[in-house]
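A short worksheet on the structure shown next.
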Amino acid sequence: MPSFTLAVSRFCERWRIWVVLLELHGLPRSCSDVTRMGEPVSPSAHFDRLSVVWPRENFLKTKSESGGVMRQLTFIEPGKLEWWDVPAPKIVAGTDAIVRPLAVARCDLDYSTIIGSGLQGGPFAFGHETAGEVVEVGDQVTSVKVGDKVIVPFQISCGTCDNCRQGWTNACKSVTRGAVYGMKPICGEEFGGALSEFMHVPFADHMLVPLPDDIRPEVLAGGSDNIADAWRTVAPHMDKYEAPSVLVIGSGRGIGLYALQIALARGAKRVVYAEIGKGGEAMRMAKEIGAEVQQVPSAS
Ligand SMILES: [Zn+2]
Ligand SMILES: [Zn+2]
């Protein structure tokens with residue numbers, strides 16, 4: 171346990187992995203927009219500290235610009251990612267949409283994968299938490315139109331099979347079991363990634379979640395996965411108690427910080443963030459978010 175917690179603790183100071191990634195690949199620091207350190211603090215404002223703004227200036231905005239080819243950030247092996255030119259996705263079925271990612275959040279698993287303790291088996295398209303803009307729809311899509319801003323769930327599902335109708339969209343029977351974006355080793359099939367110029371989204375009416383007009387894409391990019399995960403760690407449990415207190419034992423990674431914000435937004439009486447080890451950026455952020463913070467010395 172001590173070695174595990176120490177290892178996890180090290181993640182705390184490395185949460186800006188996308189910033190590092192984009193620098194490594196020589197791209198402009200438009201992602202510095204993300205931190206917005208000087209802005210007034212509100213619970214939701216902190217979501218975007220875990221996201222990165224897509225460097226739009228250098229990337230394609232319309233599919234017609236692409237000539238059928240787009241750039242895709244591709245995981246090769248731990249510590250090695252490359253921008254590859256790959257075929258741009260196309261509308262295949264009338265229920266499909268094509269989405270241009272505008273902001274991509276760094277999932278906890280992405281970082282583990284990059285340092286070699288997560289997914290294995292590159293090459294595969296990387297990134298799976300995104301909010302973007304619809305750039306093309308099939309002729310049967312009715313709930314979204316070109317230009318709409320949407321969140322793209324990281325798991326692909328149809329919304330109509332037995333499992334989907336019961337809410338088990340992670341086990342949709344209409345697609346390859348475990349079908350996900352940006353994590354081919356999970357399902358064995360490449361569905362593309364969010365750190366690409368375009369994404370193919372089947373079952374668009376079911377899949378795409380409209381982004382409210384007054385919320386920037388970088389704030390809710392993590393809604394694809396980590397924000398939803400954080401919600402389920404606290405929200406349903408808080409509903410069982412009146413003015414509950416919430417303790418988050420943090421690894422300093424995305425889900426823990428999101429959970430703090432959700433607990434505060436839902437009116438928790440006390441929200442405490444405890445971290446084992448020397449603490450780091452996440453502890454500072456937790457305090458800024460409004461949580462009490464407690465540092466627990468590690469055993470070593
Ligand atoms: Zn994720
Ligand atoms: Zn389904």
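Residues in the sequence shown are numbered consecutively from 171, following the numbering used here.
The C-beta atom is built at its ideal place from N, Cα and C for all residues, glycine as well.
When the beta-carbon positions are compared, alanine 273 and alanine 374 stay at least 8 Å from each other. Between isoleucine 246 and glycine 288 the beta-carbon gap is near 14 Å, outside 8 Å, which marks them as no contact.
Annotation for tryptophan 254: the continuous beta strand (DSSP E) segment containing it runs 250-257.
Taking a contact to require three or more Cβ pairs closer than 8 Å, the stretch 352-370 and the stretch 292-301 qualify as touching. Annotation for asparagine 340: Gln325 place their beta carbon closer than 6 Å to its own, counting only its chain and skipping 5 residues before and after.
Set against 7 Å, the gap from the CB of cysteine 357 to the closest heavy atom of ligand 2 is not smaller.
Between methionine 240 and glutamate 445, the gap from beta carbon to beta carbon reaches 8 Å or more. For the options Val371, Arg454, Ile285 and Gly337, the alpha carbon positioned closest to that of valine 320 is the one of Val371.
Shown here, arginine 436 sits in coil according to DSSP, grouped into three states, outside any helix or strand. Every residue whose Cβ sits closer than 5 Å to any heavy atom of ligand 2 is listed here in chain order: Ser327, Cys328, Cys331, Cys334, Cys342 and Ser344. Isoleucine 285 and threonine 244 have their C-alpha atoms roughly 15 Å apart. Among the bridge pairs identified by DSSP, proline 271 is matched with Gly302.
About 6 Å separates the beta carbon of valine 404 from that of valine 416, a gap short enough to meet the 8 Å contact definition. In the structure shown, lysine 457 falls within a helical segment according to DSSP collapsed to helix, strand and coil. The closest heavy atom of ligand 1 lies 7 Å or more from the beta carbon of phenylalanine 245.
According to DSSP, valine 320 shares a beta bridge with Gly302 and Pro380.
Arginine 241: member of the beta strand (DSSP E) spanning 239-247, first to last residue.
For the set Asp383, Gly393 and Ile419, the Cα lying nearest the Cα of glycine 317 is the one of Asp383.
Going by C-alpha positions, glycine 337 is about 14 Å away from serine 344. The C-beta separation of glycine 392 from tyrosine 428 comes to about 7 Å, placing the pair in contact by the 8 Å criterion. In chain order, Thr346, Arg347, Gly348, Ala349 and Val350 place their CB closer than 7 Å to the CB of cysteine 357, counting only its own chain and leaving out the 5 sequence neighbours on each side. Boundaries of the beta strand (DSSP E) around leucine 417: 415-420. If the five residues before and after aspartate 309 are omitted, its C-beta is found closer than 7 Å to the C-beta atoms of Gly264, all from its own chain and listed in chain order.
CA-to-CA, the gap between alanine 435 and glutamate 462 works out to about 15 Å. Taking 8 Å as the cut-off, the Cβ atoms of alanine 433 and methionine 453 do not count as close. In this chain, the alpha helix (DSSP H) harbouring methionine 408 covers 396-408. The Cβ atoms of glycine 302 and proline 271 lie closer than 8 Å to each other.
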